[in-house]
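**Q** Protein chains in written order, with our numbering: chain A, 3 to 355; chain B, 3 to 355.
Number of protein chains: 2
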Amino acid sequence: MRVSGQSYRSVWLEGAVVKAIDQRRLPHEFVITELPDWPATAEAIRNMTIRGAGAIGAAAGFAVAQAALTASASEFFQAMDEAARVIRATRPTARDLFYAVEQVLSTAQRAGEVARARQSAVETAQALADANAAAAEAIGRHGAELLRDGARVLTHCNAGWLAMVDWGSALSPIYHARRQGRQVSVWVPETRPRSQGAKLTAWELAQEGVTHTIVADTAVGSLFQRQQVDLVIVGADRIAANGDVANKIGTYTIATLAHLHRVPMYVAAPLSTIDVDCATGQTIPIEERSVEEVMLVSGAASDGRPATVRIAPEQSPAFNPAFDVTPASLLTGLITEAGIIPADSAAIQTVMA
Amino acid sequence: MRVSGQSYRSVWLEGAVVKAIDQRRLPHEFVITELPDWPATAEAIRNMTIRGAGAIGAAAGFAVAQAALTASASEFFQAMDEAARVIRATRPTARDLFYAVEQVLSTAQRAGEVARARQSAVETAQALADANAAAAEAIGRHGAELLRDGARVLTHCNAGWLAMVDWGSALSPIYHARRQGRQVSVWVPETRPRSQGAKLTAWELAQEGVTHTIVADTAVGSLFQRQQVDLVIVGADRIAANGDVANKIGTYTIATLAHLHRVPMYVAAPLSTIDVDCATGQTIPIEERSVEEVMLVSGAASDGRPATVRIAPEQSPAFNPAFDVTPASLLTGLITEAGIIPADSAAIQTVMA
């Protein structure tokens, strides 16, 4: 997608180097970070330089490919297994991460011989990134049909192109509708504790010239009450076989409000986000992150430089679950590259067959 | 209540000077601000040095008394009317503000003669502040009966003693239960955009030794889902004749979640917060505040000094309603100084008679 007129993906591989937009520095600075080896890429996933289910998946695939490129021939498969173990441990919830590691690792293993394994790993990682971008594009085409001219969409966190390889999941339908000439406006909840809505979604939408308004997370209920939301579209970190969805903390609250106010709520995600091994959302592991994310807020000081402020008393404890699970019963449907489907076992089984 | 072992009220009158805890500087600094005249006190209400329905009410009453003390005898009642007009315009939603201005102004007017009017104004303002503290104490006694040992209470924003003259509204039952020897723990949502939960409620509870945990506003749904909330108690800025409640933005969302999860939800407020002239919540004016509150976050830098960071892109618009309205149908009851009553017209009519 466009940044100051130029086209970018959120993460890509150049030779043996992973390059990515540093998402911790937006919207204040646009910086491309270079990750020379798989431990650097794994750390970038862990510390959220790269974040968002699809981008994490692509980066994890590239990281395994980096491991293949650098592992010595003598201990090649042990080294790849060890790299895969570390990469898997960076973030527990996003399904795309595990999917990508599995895919790249298994094609390398199937190649048998080291030189071919290296080549297969790189090709598979690249193919996964391309597939993520293509899925996001298709999600946008399908999802755009839901957006009439003038539609007011509520999203949550950032499920835009920064969170995928390109196009986005939840925001892709909006970008498509806009390119088809329809005006769509977007409500952007801040999405504390890391404020990816205010920081990343607002920035993305501004770059693409989409009308949007930032609100505090506390104001979301009021938007529904004032009948200012026509449609909700959010992303997903993992979708269970029954259609339950793990997504950024706060999604469940929005789903509850949408349901009560009879506003349609869609989850946009590629099929790679569906984990058929999770029967329901109850078995999806929910990451707890550092309480410092709640106690501190990072942004730009008045001189534009990065700065962090503490908002809470030092001695107060906090609790910071990064995701919650929205039951399928609260969802209108899933927007996938295979079309818009109901969030239920039968539809998921059919589409995953 | 206690601050480092000493007893304080949130706002008080000493001679012609209003003194108040500067709530914009907590939890990082404990500072008493001195407001020498009514324009200074009005400005302190407007800029939220003094905030919270009860504290605003008391401060507004003191401000009118300050006007009485300084107005020249020749244009006494015109000057008081003008002061009352400015003080009323500081914050549109909190009922206690209008109530206090009305009470102090009318006793002064009834006094007829300037010297007696001055004395009446000061006495009435002091009596209103004392009545607010006494109501808060009674709210705590009644509300404490709802709290069994081990109860996990969710609150919102700050409806503690800082928001009243003393004791608090929503937090008073917790302080009472604790003094009666019961352990109560409190979930404290940050309450963006001004983060009064993380800043003020956490600080208050820490001072009183009450177990508490700060969460991002987005995590509230997850707490209900995990069945970690036994009871919700929040404050109120204005209560309509039918029991609808205007309170800090985000209260409606919490009420929706509590209702869906069958968790009792109470609003704690003195009777002075009830506005029988508002038939329903729909007629309560909702203050919209500066979008800078959404775009910026203030706190303490790593050296402890006050600092502010911008989180969102400069060019992105925002929307910042300060309050929302919770329909009476979502509430279990109102905790008042006259006891716990249903949130409905009949009960309110009886108690206001």
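Just so it is clear, CB atoms sit at the ideal spot from N, CA and C, and this is done for glycine as well.
For proline 29/B, is the classification buried or exposed, using 16 other Cβ atoms within 10 angstroms of its Cβ as the cut-off for buried?
**A** That one is buried.
**Q** Can you check whether the C-beta of glutamate 31/B is within less than 8 Å of a C-beta belonging to chain A?
**A** Glutamate 31/B does not count as touching chain A.
**Q** Which residues does DSSP pair with methionine 166/B in a beta bridge?
**A** Answer is none; methionine 166/B lacks a bridge partner.
**Q** Taking CB distances under 8 Å as the criterion, tell me whether isoleucine 251/A reaches chain B.
**A** So yes, isoleucine 251/A belongs to the interface.
**Q** Could you pull out every residue in the same chain whose Cβ sits closer than 6 Å to the Cβ of valine 247/B, ignoring the five residues on either side in sequence?
**A** Correct list, in chain order: Ala238, Ile241, Val269, Thr328.
**Q** Name, please, each residue of chain B whose Cβ falls closer than 8 Å to the Cβ of valine 296/A.
**A** In chain order: Glu192, Ala200, Ile216, Val217, Ala218.
**Q** Report the start-end ranges of each beta strand (DSSP E) in the region 82–124 of chain B that is 3 residues or longer and not cut off at the edges.
**A** You should have found no qualifying run.
**Q** Check each residue of the region 259–272 of chain B: if its Cβ is closer than 7 Å to any Cβ of chain A, include it; give the result in chain order.
**A** Going along the region 259–272 of chain B in chain order, one finds Leu259, Leu262 with a Cβ nearer than 7 Å to chain A.
**Q** Grouping DSSP H, G and I as helix and E and B as strand, with all else coil, what is valine 293/A?
**A** Of the three classes helix, strand and coil, the one that applies to valine 293/A here is coil, per DSSP.
**Q** One question on the structure: do alanine 165/B and arginine 53/B come within less than 8 Å of each other, judged by their Cβ atoms?
**A** Yes.
**Q** Just tell me which of Asn249/A, Thr157/A, Asp219/A has its CA closest to the CA of threonine 275/A.
**A** Measuring from the Cα of threonine 275/A, the nearest candidate turns out to be Asn249/A.
**Q** Any chance the region 45–62 of chain B sits against the region 118–135 of chain B, with 3 or more Cβ pairs inside 8 Å?
**A** Yes: the two stretches touch, three or more of their Cβ pairs being nearer than 8 Å.
**Q** Name the DSSP bridge partner or partners of asparagine 249/B?
**A** The partner list for asparagine 249/B (beta bridge, DSSP) reads Asp326/B.
**Q** On a Cα-Cα basis, can you pick out the residue from Leu332/A, Gly252/A, Gln209/A that is closest to leucine 262/A?
**A** Residue Leu332/A is the option with its Cα nearest to leucine 262/A.
**Q** Any idea what DSSP makes of aspartate 132/B, helix, strand or coil?
**A** The answer is helix: DSSP assigns aspartate 132/B an H, G or I state.
**Q** Between proline 323/B and the rest of its own chain, which residues show a CB-CB distance below 6 Å, the 5 nearest in sequence each way excluded?
**A** Cβ within range, chain order: Ile251, Ile288, Glu290.
**Q** Determine the burial state of glutamine 80/B: buried for a count of at least 16 other Cβ atoms within 10 Å of its Cβ, exposed for fewer.
**A** Glutamine 80/B comes out exposed.
**Q** Rank Ala260/B, Gly63/B, Glu16/B, Trp169/B by C-alpha distance to the C-alpha of valine 155/B and give the top, closest one.
**A** Closest option to valine 155/B, Cα to Cα, is Ala260/B.
**Q** Go ahead and pull the three-state DSSP assignment for tyrosine 177/A.
**A** Residue state, collapsed to three classes: helix.
**Q** Check whether the region 188–200 of chain B touches the region 36–44 of chain B, counting contact only when three or more Cβ pairs, one atom from each stretch, lie closer than 8 Å.
**A** No, the region 188–200 of chain B is not in contact with the region 36–44 of chain B.
**Q** Give a yes or no on contact between the region 63–75 of chain A and the region 94–111 of chain A, applying the rule of three or more CB pairs nearer than 8 Å.
**A** Enough Cβ pairs lie closer than 8 Å, so yes.
**Q** Using a Cβ-Cβ cut-off of 6 Å (strictly less than) and excluding sequence neighbours within five positions of leucine 336/B, which residues of its own chain qualify?
**A** For leucine 336/B, where only same-chain residues beyond five positions count, the Cβ hits under 6 Å are Val269, Ile343, Ala345.
**Q** Which same chain residues, not among the five before or five after threonine 126/B, have their C-beta less than 8 Å away from its C-beta?
**A** Within the same chain, threonine 126/B has close Cβ partners Gly63, Ala67, Gln105, Val106, Thr109, Ala110.
**Q** If you compare alpha carbons, which of Phe78/A, Gly245/A, Gln209/A, Val236/A is closest to isoleucine 141/A?
**A** Among Phe78/A, Gly245/A, Gln209/A, Val236/A, the Cα nearest to that of isoleucine 141/A is on Val236/A.
**Q** Which whole-angstrom value is the C-beta distance of valine 265/B and valine 231/B, which I expect to be below 8 Å?
**A** That belief holds up - the Cβ atoms of valine 265/B and valine 231/B are roughly 5 Å apart, short of 8 Å.
**Q** For tyrosine 268/A, list the residues DSSP reports as bridge partners.
**A** In the DSSP output, where bridge partners are listed per residue, tyrosine 268/A has Ile235/A, Gly335/A.
**Q** Would the beta-carbon of leucine 207/B fall within 8 Å of that of proline 175/B?
**A** No; because the gap between Cβ atoms is not below 8 Å, this pair is not in contact.
**Q** Output needed for serine 122/B: all residues of its chain with C-beta closer than 7 Å, excluding positions within five of it in sequence on either side, in chain order.
**A** Same-chain partners within the cutoff: Thr109, Ala110, Ala113.
**Q** When the Cα atoms are used, what is the spatial distance from threonine 203/A to phenylalanine 321/B?
**A** Roughly 16 Å between the two C-alpha positions.
**Q** For serine 274/B, name the three-state secondary structure that DSSP assigns.
**A** Here serine 274/B sits in helix by DSSP.
**Q** Helix, strand or coil for glutamine 8/B per DSSP?
**A** If DSSP states are grouped into helix, strand and coil, glutamine 8/B belongs with the strands.
**Q** Using the beta-carbon of each residue, which ones in chain A are nearer than 7 Å to proline 195/B?
**A** Under the 7 Å cutoff, chain A gives Ala218.
**Q** Identify each residue in the region 319–345 of chain A for which the Cβ-Cβ distance to at least one residue of chain B is less than 8 Å, and report them in chain order.
**A** Going along the region 319–345 of chain A in chain order, one finds Pro319, Ala320, Phe321, Asn322, Pro323, Asp326, Val327 with a Cβ nearer than 8 Å to chain B.
**Q** Do the region 305–315 of chain A and the region 213–221 of chain A meet, that is, are 3 or more Cβ pairs less than 8 Å apart?
**A** No: fewer than three Cβ pairs fall under 8 Å.
**Q** Histidine 30/A by DSSP, collapsed to three states: which one?
**A** Histidine 30/A: coil per DSSP, three-state reduction.
**Q** Less than 8 Å between CB atoms is the rule here; does glycine 114/B satisfy it with respect to chain A?
**A** Glycine 114/B does not count as touching chain A.
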